[in-house]
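Undergrad: So the protein sequences, as listed, match chains A and B.
Residue numbers for the first sequence follow the numbering used here, so the first one is 1 and each next one is one higher.
Residue numbers for the second sequence follow the numbering used here, so the first one is 462 and each next one is one higher.
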Amino acid sequence: MSCALLLLLTSLALAMGTGTAVEIQRPRGVPQSKRQFYEENKPFTCLDGSSTIPFDRVNDDYCDCRDGSDEPGTAACPNGSFHCTNAGFRPAFIPSSRINDGICDCCDTTDEYNSGATCQNTCREMGRKERESLQIMAEITKEGFLLKQQLIHEAKRAQEDKQGKLTELQGSKKGLEGKVEALRTVKETAEDPEKEAKERHLKSWEEQKELIRMEKDKTRMAEAFLELDDDSDGYVSVAELQSHLELDPDSDGSLTETETQVRCLLFLPLKSREDVPPTVQTPEKREDDELSMPPYDTETQSLIDGAYIHLQSLICGPEFIWICRNLEKEIGFDFGPSAEFAYLYSQCYELSTSEYIYRLCPFNRVSQKPKFGGSETNLGLWGQWAGPEENLYSVMKYDHGQGCWQGPNRSTTVKLTCGKETVVTSTSEPSRCEYLMEFTTPAVCQEPASLDEVLHGHTEL
Amino acid sequence: MAAFIVRMGPLLVLWLAVFLSGTWAVDRGNFKTCDQSAFCKRQRALKPGQSPYRALLETLELTNTKLTLQLINDNNKVRLLLELYRLQGNMTRVKINELKPLKPRFEVPDVLINNPPTEPLSLLSQDENGVVLSLGADSQWLIVSAKPFRLDIMEGREVLLSLNSRGLLAFEHLRIRKDTQVDPEGAEKKEETDAANEQAEGETAKEDGMWEETFKSHTDNKPNGPSSISLDFSLPGVEHVYGIPEHADSLKLKTTDGGDPYRLFNLDVFQYELFNPMALYGAIPVMLSHSAQRTMGIFWLNAAETWVDISSNTAGKTVFGQMLDYVQGSSETPQTDVRWISESGIIDVFIMLGPTPTDVFSQYASLTGTQAFPPLSALAYHQCRWNYNDQEDVAAVDQGFDEHDIPYDFIWLDIEHTDGKRYFTWDPHKFPQPKDMLQGLMDKRRKMVTIVDPHIKVDSSYKIHNEIRSKGFYVKNKDGGDYEGWCWPGNSGYPDFTNPEMRAWWASMFAYDQYEGSMENMYTWNDMNEPSVFNGPEVTMHKDALHGNWENRDLHNLYGLYVQMATAEGLIERSGGVERPFVLTRAFFAGSQRYGAVWTGDNTAEWEHLKISIPMCLSLGLVGVSFCGADVGGFFKSPSTELLVRWYQTGAYQPFFRAHAHLDTPRREPWLFGPENTALIREAVRQRYALLPYWYQLFYHAHHSGQPVMRPLWVEYPQDTATFSMDDQFLLGRDLLVHPVTEEGGRGVTAYLPGKGEVWFDVHTFQKHNGAQNLYIPVTISSIPVFQRGGSIIPRKARVRRSSSCMEHDPYTLFVALSPKRFAQGELYIDDGHTFNFDKQKQFIHRRLSFANKALSSRNLAPGSQFITPSWIEKIVILGASKPSKATLKTPDGKENLLEFEFDASMSVLTLRKPGVNAGVDWTVVLQ
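#1: In or out: residue 470 of chain A buried (at least 16 other Cβ within 10 Å) or exposed?
#2: Under 7 angstroms, CB to CB, which of the residues in the stretch 101–118 of chain A have a partner in chain B?
#3: Closer than 7 angstroms by beta-carbon distance: list the chain B residues that pair up with residue 125 of chain A, in chain order.
#4: If we require 4 or more residues per run, which alpha helix (DSSP H) segments fall completely within the stretch 1277–1354 of chain B?
#5: Let's see if you can read the secondary structure: which residues bound the alpha helix (DSSP H) around residue 927 of chain B?
#6: Residues of chain B with CB closer than 8 angstroms to the CB of residue 430 of chain A, please, in chain order.
#7: Name the chain B residues whose beta carbon is nearer than 8 angstroms to that of residue 62 of chain A?
#8: Taking the straight line between their C-alpha atoms, what separation do you get for residue 1117 of chain B and residue 1045 of chain B?
#9: Quick one: using the 10 Å Cβ neighbour count with 16 as the cut-off for buried, is residue 136 of chain A buried or exposed?
#10: Can you tell me which of the three DSSP states residue 402 of chain A falls into?
#11: Check for me: the beta strand (DSSP E) holding residue 1238 of chain B runs from which residue to which?
#12: List, in order along the chain, the chain A residues whose C-beta lies closer than 7 angstroms to that of residue 1124 of chain B?
#13: Between the Cα of residue 636 of chain B and the Cα atoms of B:616, B:629, B:624, B:683, which residue gives the shortest distance?
#14: Are the C-beta atoms of residue 845 of chain B and some chain A residue less than 8 angstroms apart?
#15: For residue 1166 of chain B, which of helix, strand or coil comes out of DSSP?
#16: Between residue 288 of chain A and chain B, is any beta-carbon pair separated by less than 8 angstroms?
#17: Look at residue 706 of chain B and residue 745 of chain B and say whether their C-beta atoms are less than 8 angstroms apart.
#18: If you draw a straight line from the C-alpha of residue 1108 of chain B to the C-alpha of residue 747 of chain B, how long is it?
#19: Compare the C-beta of residue 1260 of chain B with all C-beta atoms of chain A and state if any pair is closer than 8 angstroms.
#20: State whether the stretch 1005–1016 of chain B contacts the stretch 946–966 of chain B, with contact taken as three or more CB pairs (one from each stretch) at a distance under 8 angstroms.
#21: Determine the chain B residues that contact residue 92 of chain A at a beta-carbon separation under 9 angstroms, and present them in chain order.
#22: Please list, in chain order, all residues of the same chain as residue 1238 of chain B whose beta carbon is under 7 angstroms from its beta carbon, the five residues on each side excluded.
#23: As a quick exercise: from B:502, B:492, B:838, B:672, pick the residue whose alpha carbon is nearest that of residue 909 of chain B.
#24: At what residue ranges does the stretch 985–1067 of chain B contain a whole run of the beta strand (DSSP E), taking only runs of 3 or more?
#25: What does residue 906 of chain B touch in chain A if you count any residue whose Cβ is under 9 angstroms from its own?
#26: Count Cβ pairs between the stretch 1135–1150 of chain B and the stretch 1053–1070 of chain B that sit closer than 8 angstroms; are there 3 or more?
#27: Please compile the residues from chain B whose C-beta is within a distance smaller than 8 angstroms of the C-beta of residue 75 of chain A.
#28: Nearest CA to the CA of residue 899 of chain B: which residue from B:880, B:585, B:853?
#29: Just to confirm the assignment, what range does the beta strand (DSSP E) spanning residue 1209 of chain B have?
#30: Taking only beta-carbon positions, decide if residue 866 of chain B is within less than 8 angstroms of chain A.
#31: For residue 388 of chain A, which residues in chain C fall below 8 angstroms Cβ to Cβ?
#32: With 16 other CB atoms within 10 Å as the buried threshold, where does residue 405 of chain A fall?
#33: So which residues on chain B does residue 408 of chain A lean against when the C-beta distance must stay under 9 angstroms?
#34: Which residues of chain B have a Cβ atom closer than 8 angstroms to the Cβ of residue 95 of chain A, listed in chain order?
#35: For the beta strand (DSSP E) that contains residue 863 of chain B, what are its first and last residues?
#36: Kindly provide the ranges of any alpha helix (DSSP H) runs that are 4 or more residues long and lie completely inside the stretch 111–137 of chain A, ordered along the chain.
Structure, rendered in structure tokens:
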């Protein structure tokens, strides 16, 4: 829409609003855009072309056209629609069944011309209110969008910090992998009955030393891990990992699930080190013996075995699998097109009602706790983004919460709206055990359109 | 749910204890079998052919209005008094009571609309074996045989019906208790003298539960001792009997040999099962018998727990066996035997002699009244759910209907809308401004129903409770204190609705200044009025609870009727007697039709429950209750989308059309299942709205003459034996045949189109089909197979709007379906849609529409009436027509106008464009 046209339309709206005569002749209920099809005193052809009728049958309260186009101003056609100009507010189409039904639908009262209903023209008042609320919304959107930019920026900078550290770690990673491979060879060798026992013994000792050194490397690694683990939750989240594109081996710009799983070998949390089974603690004790070579015996053999098992257990043990599984879950996380929702991760937001305290921990869970005693109820675990196709990031879905008696598992739908603050604004339970939460965050604020556009973008006179 | 537990606290525990013992099906263990009901067991143990009763002919007295005669039980010498009446309209009334009962026995009040007018009986002959009486013109006789006592009603040489022909008349007389508890001194002597009698009757008090009976943890004290009654009826020539609702069973009643009898005892049955004779929420002790020759009815006027046994001499036979009988010409006549057993009261039976189905409906209507004529909007679509949470929720659902362009008239609020289940109040947080909410609905010309149950929270800060208590209006327990039981609010009292003063007070509570927040567009739903008592025996009231002088035992099945009666009266009174009420009830009895609508209670979202809605409502229609429906979608569980759509399609063609859902099920407003399903549901609801003029006319007739709205096919085709057991399709009035799709994944249905030489028109395609055939109709998910009878005229309103009120002044389209002889007839009924003015001031239009000799005309059927409508005739669609050269409209002012028309030769459909004539005047359209 050109500026000139916009101006013209605006002045028209003003003119009509103030009642100075700009009367456009057209049959009742016809929008300006279709006026050309309704030419007085010429036969009218149904807009679907199905038949042609004399013009006096347009709006004669009998439906002649299959598409309802001959009765734009009466209720005669079941599929017709009526256009209200609504000068001063927004024009609208209403189903023709709402013409003269005794209920005021158009703010300009034009739908009730013969029903006896007394309607007040409320268009100007509605227009004013809408402009006001749009203005307020526009301001919120504007500020919110600025905040969003900041969020995006912060998310980006945090990533860059981590990247540096990770690059450093990347260097030692390869060596470590090589050593794992080497140890495997040692073990195989140690098991080879054809080899000289002593040689084997010596070699294995060296390898064992290597292993101990490796353990030390790993300690270093763990320290790096701590640096990476921004939120100190004991795990490096996939998001944290995925933000480091230097870890991306196929350089396709993203870390796939498998790639991330491989990475998890290298960033084992300290916890699992502490949790290693007792048998594999022996090598660490030996470390205290100033690394003197123990005599070759079955004990040594078992030490080697133990070391290998230790390593394997780190890679394949239950703790590891658990971590991987946890990571697999996290892999589903999608913090939005510019990671603008990343700041919500590991945060929680509460809303207190008369009976309960509701708690939303984005990307994690929703819960409800009675205010006056009683245990917490899980209202759903993070499921997925569930907005409509064109606006996926406007709704979050949490499901598989605590089961209901004879009912479904509890679930929560979180509707996100643009706001300056991050806050839960309301909760309800529209259906048994299906909760609805409203949540404002700057992260969903869209780039504000100019106010004029908002007000006149879809204005038609 | 968490909130539920907190709120329900102790109640929940009880409730769970009562209901949770099973999984999804009904817990049968909560409800008695005949064997567990002492009187039923005693009565059923009697063997036929040993009747101890003898008529004492010397006591016979004949007056203008009745015949009286004493009967004696030769075993115990107790005398009974028989009264016989010949009633106007071809009915016979048989009353049997004790001649001198120890104390009065209960006789059911308030069910008959008047003392039925009698006609004189005349004595034709008499000898020592019996008497023969004339029943009037149709060579009908009543024969009283003396020993054993027996009654036979004959027409010519044919026996229509016999009473006590199997000798199962049994009347437990009231007696004084003879064990030590009562009168330790006097008892001994008495016992000696009466011992022989008692022994002769084979009564061993304790075992037979005559004075006390325990079921589960509940003990029923029976201070009056045994009091049950029983009588058998034989119906020669009859193979089909119907009625005695409410049961979740087929339309045609089954024989009960080898199983339990059908039970009539109003109960709140949690998750009821299908296809069995267990009692449900309501009881109408009326059975219809039908054969190709005659339709009759038996109305057993007794409000106590009742069991009905049915046996048949042909039921066990295979088709081959019956064929063999026929070929050999041997065979006994088919016969159905029925036996009624009630726990107390007297025998008071009305035998309705037909002979046509229509006659039986009129006869029954003359006794108990007709269907209340509902406000037109009550015939439209109702949106319900347990629960719409708050005012915002109500507004959002209301808005949802407009956004999706689906019409609805009523939105309903279940128990959660109240302040702690205190009826007549509102939850102050969820519904702080009920009048604003109601005004919002009124602005859209829509309405609301709130629930008002008869259990009253025992709470000294609750006005309703305090008033009932202070006025002494509560039902009393056997010891004279206020009876209390558990229901939704926790500990509750139960107002004694049998007390007319209580009912008058209750009615006054619906006044706008009493029921705060109520407005004229708010109506009422009475649930739980069996009454439901969560911790009572069989989840209902103790039988020894007292309603004045009578035990609940005597009148149990009447309680629900009285609740609805008082509520409907309240709604009438609040409008100064102007407005018609609308009250839905779950429990009912004979006569409940006068007060509003019933629904089939807490059904389940399963295909079988969709199917059973047809026979359940057909059965109710046969015994007066036309305004019947089932919860669309099913109450318990969550329906599949396909089931929900099919249920809307079926419900749109059943009288009471309301969607409802359990609290624990996911939301299911029509637009929640994707645009395609929204469109399917919208279309079903729109079909309902377009047809409202016809529905309204059918209800006018139900109100006027007692003819059911929803009818089994045999009612209109009484000689067509193929229709006698049909309950997967039905008629609306005479003219529409509906065969809804009730099969999951249904690809087609086989509809039976009755009437040899008749034709039926598919209402959607106008395709013509011949009668007397099984027609296979391929269906899609959008199909609702409905056919209009050739020979009928049906008015519709094609302009479907967001509520029925919005359509009030809209024009009519007439669908004229021609018979093969090019004839058709129909009606048009119009009034203001909501007041009693149609009745009190004759303000209505009732016109005869007829098509004959190529002319369609409208003539006044009610010259004494007057009403002005702005509605006009928009369009006339003539099915099975030929193409005229011209069509002329003639109006009373002598004007003639040529009408334009379209003719579809492929379907033979003639459409006359815009006659434009007012719907209330005479006119004729002549085709040339």
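Ideal Cβ placement from N, Cα and C applies to all residues, glycine included.
TA: Per the coordinate set shown:
#1: What is shown of chain A runs 1 to 461, which leaves residue 470 of chain A out entirely.
#2: 101, 102, 103
#3: Mapped onto the first sequence, residue 125 of chain A falls at position 125. Residues of chain B passing the Cβ test: none, with the nearest at roughly 17 angstroms.
#4: Within the stretch 1277–1354 of chain B, the runs of alpha helix (DSSP H) that reach at least 4 residues and sit entirely inside it are, in chain order, 1298–1301.
#5: As a position in the second sequence, residue 927 of chain B is number 466, starting the count at 1. Here the alpha helix (DSSP H) through residue 927 of chain B covers 924–931.
#6: To locate residue 430 of chain A, count along the first sequence from 1; it is residue 430. Near residue 430 of chain A (Cβ distances below 8 angstroms), the residues of chain B are 850, 854, 1128.
#7: Here the question's residue 62 of chain A lines up with position 62 in the first sequence. Within 8 angstroms Cβ-Cβ: 1335, 1336, 1374, 1375.
#8: Locating residue 1117 of chain B in the second sequence gives position 656, counting from the first residue. Locating residue 1045 of chain B in the second sequence gives position 584, counting from the first residue. Cα to Cα, the separation comes out at about 10 angstroms.
#9: Position 136 of the first sequence, counting from 1, holds the residue named residue 136 of chain A. Exposed, by the Cβ-count rule.
#10: In the first sequence, counting from the first residue as 1, residue 402 of chain A sits at position 402. Residue state, collapsed to three classes: coil.
#11: Position 777 of the second sequence, counting from 1, holds the residue named residue 1238 of chain B. Run containing residue 1238 of chain B: 1234–1239, per the beta strand (DSSP E) assignment.
#12: Counting from one through the second sequence, the residue named residue 1124 of chain B turns up at place 663. Those within 7 angstroms of residue 1124 of chain B in chain A are 432.
#13: Locating residue 636 of chain B in the second sequence gives position 175, counting from the first residue. Closest option to residue 636 of chain B, Cα to Cα, is B:683.
#14: By one-based count along the second sequence, residue 845 of chain B stands at place 384. For residue 845 of chain B, the answer is no, since every Cβ of chain A falls outside 8 angstroms of its Cβ.
#15: As a first step, residue 1166 of chain B must be located in the second sequence, where it is residue number 705. Residue state, collapsed to three classes: helix.
#16: For this step, residue 288 of chain A is matched to residue 288 along the first sequence. The predicted model places residue 288 of chain A with a pLDDT of 43, which falls under 50 and marks its position as unreliable; any figure quoted below should be read in that light. Answer no: the Cβ-Cβ gap between residue 288 of chain A and chain B never drops below 8 angstroms.
#17: Walking along the second sequence from the start, residue 706 of chain B turns up at place 245. Walking along the second sequence from the start, residue 745 of chain B turns up at place 284. Yes, the Cβ-Cβ distance between residue 706 of chain B and residue 745 of chain B is below 8 angstroms.
#18: Residue 1108 of chain B sits at position 647 when you count from the first residue of the second sequence. Residue 747 of chain B sits at position 286 when you count from the first residue of the second sequence. Roughly 29 angstroms separates the two Cα atoms.
#19: Taking the second sequence and counting its residues from 1, one reaches residue 1260 of chain B at position 799. Residue 1260 of chain B counts as touching chain A.
#20: yes
#21: The residue you call residue 92 of chain A lines up with position 92 of the first sequence. Under the 9 angstroms cutoff, chain B gives no residues; its nearest Cβ is about 13 angstroms from residue 92 of chain A.
#22: Indexing the second sequence from 1 puts residue 1238 of chain B at position 777. Closer than 7 angstroms at Cβ, skipping near neighbours: 1209, 1210, 1212, 1246.
#23: Here the question's residue 909 of chain B lines up with position 448 in the second sequence. With distances taken between Cα atoms, residue 909 of chain B lies closest to B:838.
#24: Qualifying beta strand (DSSP E) stretches, in chain order: 1044–1046, 1058–1060.
#25: Translated into positions along the second sequence, residue 906 of chain B becomes position 445. By Cβ distance, chain A contributes 101, 102, 103.
#26: no
#27: Taking the first sequence and counting its residues from 1, one reaches residue 75 of chain A at position 75. Residues of chain B passing the Cβ test: 1260, 1262, 1271.
#28: On the second sequence, position 438 is the one that residue 899 of chain B refers to. If we check each option's Cα against that of residue 899 of chain B, B:853 comes out closest.
#29: Indexing the second sequence from 1 puts residue 1209 of chain B at position 748. Start and end: 1209–1214.
#30: The count along the second sequence starts at 1 and reaches residue 866 of chain B at position 405. Judged by the 8 angstroms Cβ criterion, residue 866 of chain B is in contact with chain A.
#31: Checking the listed chains, one finds no chain C in this structure; the protein chains it contains are A and B.
#32: Start at 1 with the first residue of the first sequence, and residue 405 of chain A comes out as number 405. Classification of residue 405 of chain A: exposed, given that the 10 Å Cβ count is below 16.
#33: For the purposes of this step, residue 408 of chain A is identified with residue 408 of the first sequence, where counting begins at 1. Correct list: 1099, 1125, 1126, 1127.
#34: Taking the first sequence and counting its residues from 1, the one referred to as residue 95 of chain A is at position 95. The contacting residues are 866.
#35: Stepping through the second sequence from its first residue, residue 863 of chain B is reached at position 402. For residue 863 of chain B, there is no enclosing beta strand (DSSP E); the enclosing alpha helix (DSSP H) covers residues 852–864.
#36: The qualifying runs do not exist here; there are none.
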